[in-house]
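Numbered per the numbering used here, the sequence shown finishes at 348, counting up by one with no gaps. Glycine included, C-beta positions come from ideal geometry on N, C-alpha and C.
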Amino acid sequence: MPTTYTEQFWLIDPANPPSVGSTLSVSFFDIVDQNDNDLVSRFGDDSIDGVDIEQSWPGDTVTAILPGGGSATIVGTTFFLADGRVLFTPTDGSVLQTSSFSGSTFVNSQGPTSTSSLGPPCFVAGTSILSSNGLVDVENLSAGDLIKNCSGQFAELRTIIRKSYSARELSENPKLRPVRIVAAALGQGLPKRDLLVSRQHRMLVSSSTTERIFGTTDVLVSAIKLTEFPGIYVDESVTEVEYFHLLFDQHQVIFAEGAPTESLYTGPEALASISQEARDEINLIFPDIANLDYKPKPARELPCGKMQKKLVARHLKNKKPLLETRHYAND
Numbered sequence: 018m019p020t021t022y023t024e025q026f027w028l029i030d031p032a033n034p035p036s037v038g039s040t041l042s043v044s045f046f047d048i049v050d051q052n053d054n055d056l057v058s059r060f061g062d063d064s065i066d067g068v069d070i071e072q073s074w075p076g077d078t079v080t081a082i083l084p085g086g087g088s089a090t091i092v093g094t095t096f097f098l099a100d101g102r103v104l105f106t107p108t109d110g111s112v113l114q115t116s117s118f119s120g121s122t123f124v125n126s127q128g129p130t131s132t133s134s135l136g137p138p139c140f141v142a143g144t145s146i147l148s149s150n151g152l153v154d155v156e157n158l159s160a161g162d163l164i165k166n167c168s169g170q171f172a173e174l175r176t177i178i179r180k181s182y183s184a185r186e187l188s189e190n191p192k193l194r195p196v197r198i199v200a201a202a203l204g205q206g207l208p209k210r211d212l213l214v215s216r217q218h219r220m221l222v223s224s225s226t227t228e229r230i231f232g233t234t235d236v237l238v239s240a241i242k243l244t245e246f247p248g249i250y251v252d253e254s255v256t257e258v259e260y261f262h263l264l265f266d267q268h269q270v271i272f273a274e275g276a277p278t279e280s281l282y283t284g285p286e287a288l289a290s291i292s293q294e295a296r297d298e299i300n301l302i303f304p305d306i307a308n309l310d311y312k313p314k315p316a317r318e319l320p321c322g323k324m325q326k327k328l329v330a331r332h333l334k335n336k337k338p339l340l341e342t343r344h345y346a347n348d
């Protein structure tokens, strides 16, 4: 059965780019994954905006001057459509803005693009985080605070990055809308209150099902992949939103509204989704990130999009909650 995704695009061919300084405007089109295999390519009758995909070039980059100053290099896929249009969409978690073209690179081989390659991971203002001082709203946390992790220890918060989006920005870019996880939707009575996170923010799934599929009890799954479950959905009623990234020395599983979830994972996907100023701050605090050999270590296994979908389908079929194993919440 086909699955449709609303995606963001710049109309640009990185292999045949416009002149430096040209405006890159954001457009939104539906991508149809015709055979629902979590991959979009020139095969299988996949389409964008109702037009067949003829070529697919994952790994192209576009460097742009952002509206607030600074630049960002975004990794993505370039699609050639049957009607002659050429579209570029991010695959590194970036949220596109109307920007000015600065430069580009292009690859020499075609391939598919995973539908799981979407937006930035972060919390919404008002989310309660478990710290050494008890529950603290995320916007009231400060660098140096001690945050409880899933191992029952406390990790020092190194920095917080925040970004607000207006009603107009949410309307223009639906991917910015948060996913709402209603109270108790995950199992074990968690989260204790409704929890709002960005689409690609990963939640811990811990069950006998994860053990059978992955050989480990705990894995991290993007919130948008969990929207097949009752009580988990993209909240279209949110009119404006402020997101927060929490960064530690290492990737952590922490507690938001009592539910185990991730901190910012400093891989290239997350770093590309934040401003140049924020990246400069992170590089100052964590200079190893700028090293090409740097490879962040995830706090728990991060399944690919196809395996996340398989895990969710198995839980639904077996009518099992996403959290079966008791973790160190704020008891």
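Here residue 209 is near residue 274, since their CB atoms are less than 8 Å apart. Going by beta carbons, residue 100 and residue 31 fall outside the 8 Å limit.
Pairing residue 318 with residue 236 gives a Cβ-Cβ distance under 8 Å. Contact annotation: residue 49 and residue 98 have beta-carbon atoms that are not nearer than 8 Å. C-alpha of residue 41 to C-alpha of residue 321: approximately 30 Å in a straight line.
Assigned with DSSP and collapsed to three states, residue 332 falls in helix. Less than 8 Å divides the Cβ of residue 117 from the Cβ of residue 38. The beta-carbon distance between residue 127 and residue 74, rounded to whole angstroms, is 6 Å. This is short enough to meet the 8 Å contact definition. Between the alpha carbons of residue 34 and residue 51 lies a distance of about 30 Å.
If the five residues before and after residue 162 are omitted, its C-beta is found closer than 8 Å to the C-beta atoms of 148, 149, 150, 153, 173, 174, all from its own chain and listed in chain order. Taking 8 Å as the cut-off, the beta carbon of residue 258 is found closer than this to the beta carbon of residue 141. The segment 241-250 makes no contact with the segment 262-276; the number of CB pairs closer than 8 Å stays below 3. Counting only residues of its own chain and dropping the five nearest sequence neighbours on each side, residue 24 has a CB closer than 6 Å to the CB of 48, 106. The DSSP-derived three-state label of residue 322 is helix. Cβ-Cβ distances below 6 Å link residue 331 to 226 in the same chain, with the five nearest sequence neighbours on each side left out; the list follows chain order.
Secondary-structure assignment with DSSP links residue 166 through a beta bridge to 271.
Leaving aside the five residues that flank residue 327 on each side, the residues in its chain whose CB is nearer than 8 Å to its CB run, in chain order, 230.
Taking a contact as a CB-CB distance under 8 Å, the pair residue 278 and residue 220 counts as one, their CB atoms being some 5 Å apart. Between the alpha carbons of residue 27 and residue 206 lies a distance of about 42 Å.
Annotation: residue 64 to residue 95 spans about 13 Å, alpha carbon to alpha carbon. Ranked by Cα distance from residue 248, the first of 212, 222, 264 is 212.
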